[in-house]
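Worksheet: one structure, shown below.
2 protein chains.
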Amino acid sequence: MTDVSGLSIGILGGTGDQGKGLARRFALAGLKVVIGSRRAERAREAAESIGAGATGADNAVVAAECDLVIVAVPYDGHKALLESLATQLAGKIVVDCVNPLGFDKQGAYALPVEEGSAAQQAAAVLPESRVVAAFHHVSAVVLMDPAVEKVDLDVLVLGDDREATDTVQALADLIPGVRGVYGGRLRNAFQVEALTANIISVNRRYKAHAGIRVTDI
Amino acid sequence: MTDVSGLSIGILGGTGDQGKGLARRFALAGLKVVIGSRRAERAREAAESIGAGATGADNAVVAAECDLVIVAVPYDGHKALLESLATQLAGKIVVDCVNPLGFDKQGAYALPVEEGSAAQQAAAVLPESRVVAAFHHVSAVVLMDPAVEKVDLDVLVLGDDREATDTVQALADLIPGVRGVYGGRLRNAFQVEALTANIISVNRRYKAHAGIRVTDI
Numbered sequence: 000m001t002d003v004s005g006l007s008i009g010i011l012g013g014t015g016d017q018g019k020g021l022a023r024r025f026a027l028a029g030l031k032v033v034i035g036s037r038r039a040e041r042a043r044e045a046a047e048s049i050g051a052g053a054t055g056a057d058n059a060v061v062a063a064e065c066d067l068v069i070v071a072v073p074y075d076g077h078k079a080l081l082e083s084l085a086t087q088l089a090g091k092i093v094v095d096c097v098n099p100l101g102f103d104k105q106g107a108y109a110l111p112v113e114e115g116s117a118a119q120q121a122a123a124v125l126p127e128s129r130v131v132a133a134f135h136h137v138s139a140v141v142l143m144d145p146a147v148e149k150v151d152l153d154v155l156v157l158g159d160d161r162e163a164t165d166t167v168q169a170l171a172d173l174i175p176g177v178r179g180v181y182g183g184r185l186r187n188a189f190q191v192e193a194l195t196a197n198i199i200s201v202n203r204r205y206k207a208h209a210g211i212r213v214t215d216i
Numbered sequence: 000m001t002d003v004s005g006l007s008i009g010i011l012g013g014t015g016d017q018g019k020g021l022a023r024r025f026a027l028a029g030l031k032v033v034i035g036s037r038r039a040e041r042a043r044e045a046a047e048s049i050g051a052g053a054t055g056a057d058n059a060v061v062a063a064e065c066d067l068v069i070v071a072v073p074y075d076g077h078k079a080l081l082e083s084l085a086t087q088l089a090g091k092i093v094v095d096c097v098n099p100l101g102f103d104k105q106g107a108y109a110l111p112v113e114e115g116s117a118a119q120q121a122a123a124v125l126p127e128s129r130v131v132a133a134f135h136h137v138s139a140v141v142l143m144d145p146a147v148e149k150v151d152l153d154v155l156v157l158g159d160d161r162e163a164t165d166t167v168q169a170l171a172d173l174i175p176g177v178r179g180v181y182g183g184r185l186r187n188a189f190q191v192e193a194l195t196a197n198i199i200s201v202n203r204r205y206k207a208h209a210g211i212r213v214t215d216i
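The listed protein sequences derive, respectively, from chains A and V. Just so it is clear: in the first sequence, position 99 is 98 by my numbering, and no numbers are missing. Just so it is clear: in the second sequence, position 90 is 89 by my numbering, and no numbers are missing.
Structure (structure tokens):
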């Protein structure tokens, strides 16, 4: 089992719901967590709102100083932000949890991505980083809810670097109830990102915060 | 709850592993099941090998005579077969469970589909049918295994026709252990089909016959 207890975790776009929810759970697990935002002030406010010892800084500082960096920004702006941080992110594990989705009256749908998926887009603009795709299906509401002690879902972890995916699986395991499950290579990330549209459909139909579990493992 | 006990189920491509597995489980549930193949003789042999009262016929007869028709053919040939059966399938619920996948040394990967997904391709060539996408992730090995009494997975059921998706959910529910779960509109079928590539990756890594469960519903 990979030991991730000593890692500092940066979360780009950590002021959004998904980023804040992950920041909260990792901080509660005892990790050093730094929330990133374009404006350091907003990042610090978000960190204070979470508590549990999380701090905030601007995205460039987070990218430069943290051991492992989670990308939780909206898809719009994803590529430009990562391009601007390629130097700081070189050599690091970068965990992309971006879901390229559109919304209309019929609900959510997957957006096409030229590179194949958001994760592959990250890998294309960060050739020196070790890109892993994970945390696509976590419900921000559930992550933020103090009443939810155990989060009932598996996190599919995708990537081409075994040590990096092992690390991110161990990171997912730190959230009570969650299991990090290897889910394939980066070339199969699109459907995992896009499946979030289906989960949104499930949530609407069943009035739920649905997640996915993998059976027989 | 939709009552499906009186439906006759046809399975195009029912001599393949996935089709045979579904035929077996539906026949065991007491439904009238007819396996289809290009050659009636092969279909009858497959039906006999399953037992449980399933019968066999050529694909055109199955399409014409059964109430609900499952499409379990290889993706290669999928479009041509459905085009040839459009008249027979008019007005019927057609359940597409085809996964357009390619394979190479690194494993399985999703193939692009011009219409968006195999299910949307079916809908495009069968404008008079009620196309539903379902049963993508069921393991043929598990469906055929007499030792497996309960199949541990949910079947995501996608479609734009509520009565049709309700019917297919009820059909999935007939397999012990399985739950039919509404999974969104047909436009979100690609990622459910493609996710089979990830499940194959999971199976390789964990030596499993993995399935998917939806939590919080």
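Note that CB positions come from ideal geometry on N, CA and C, so glycine has one too. None of these values were measured; they are calculated from a predicted model.
In the three-state scheme derived from DSSP, where H, G and I count as helix and E and B as strand, G18 (chain V) is classed as helix. Relative to G76 (chain A), the option among A:G12, A:V154, A:A53 whose CA is nearest is A:G12. The count of Cβ pairs closer than 8 Å, one atom from the stretch 134 to 153 of chain A and one from the stretch 92 to 110 of chain A, reaches three, so the stretches are in contact. As computed with DSSP, A132 (chain A) is found in a beta bridge with A:D95, A:L157. Within the model, the alpha-carbon separation for A193 (chain A) versus T214 (chain A) is close to 21 Å. For T54 (chain V), the enclosing beta strand (DSSP E) covers residues 54 to 57.
In the three-state scheme derived from DSSP, where H, G and I count as helix and E and B as strand, K78 (chain A) is classed as helix.
Going by DSSP, I8 (chain A) is part of the beta strand (DSSP E) stretching over 7 to 11. The continuous stretches of alpha helix (DSSP H) do not include T1 (chain V), and DSSP gives it neither H nor E. Pairing G106 (chain V) with S200 (chain V) gives a Cβ-Cβ distance under 8 Å.
Residue-level contact by beta carbon holds for H208 (chain A) and chain V, with a gap shorter than 8 Å. For R203 (chain V), the enclosing alpha helix (DSSP H) starts and ends at 189 to 205. With its beta carbon less than 8 Å from one in chain A, I216 (chain V) belongs to the interface. With a threshold of 8 Å between beta carbons, D95 (chain A) makes no contact with chain V. The contact set of A109 (chain V) on chain A, defined by CB atoms closer than 8 Å, consists of N187, F189, Q190 in chain order.
It is roughly 37 Å from the alpha-carbon of A46 (chain V) to the alpha-carbon of V180 (chain A). No Cβ-Cβ contact shorter than 8 Å links G20 (chain A) with I69 (chain A).
About 13 Å separates the beta carbons of L152 (chain V) and V191 (chain V), which is beyond the 8 Å limit, so they are not a contact pair. For A109 (chain A), the enclosing beta strand (DSSP E) starts and ends at 106 to 109. Per the DSSP secondary-structure output, G101 (chain V) pairs in a beta bridge with V:Y108. The DSSP-derived three-state label of S138 (chain A) is coil. With respect to chain V, the C-beta atom of D151 (chain A) has a partner C-beta closer than 8 Å.
For the pair A59 (chain A) and Q87 (chain A), the Cα-to-Cα distance works out to about 7 Å.
Taking every protein chain shown into account, the CB of G5 (chain A) has fewer than 16 other CB atoms within 10 angstroms, so this residue is exposed. A direct Cα-to-Cα measurement between I174 (chain V) and D103 (chain V) gives close to 33 Å. Under the three-state reduction of DSSP output, L84 (chain A) falls in the coil class, being neither helix nor strand. Beta-bridge pairing by DSSP links K31 (chain V) to V:S7. For V61 (chain A), the closest alpha carbon among the candidates A:R24, A:I216, A:L100, A:T14 is that of A:T14.
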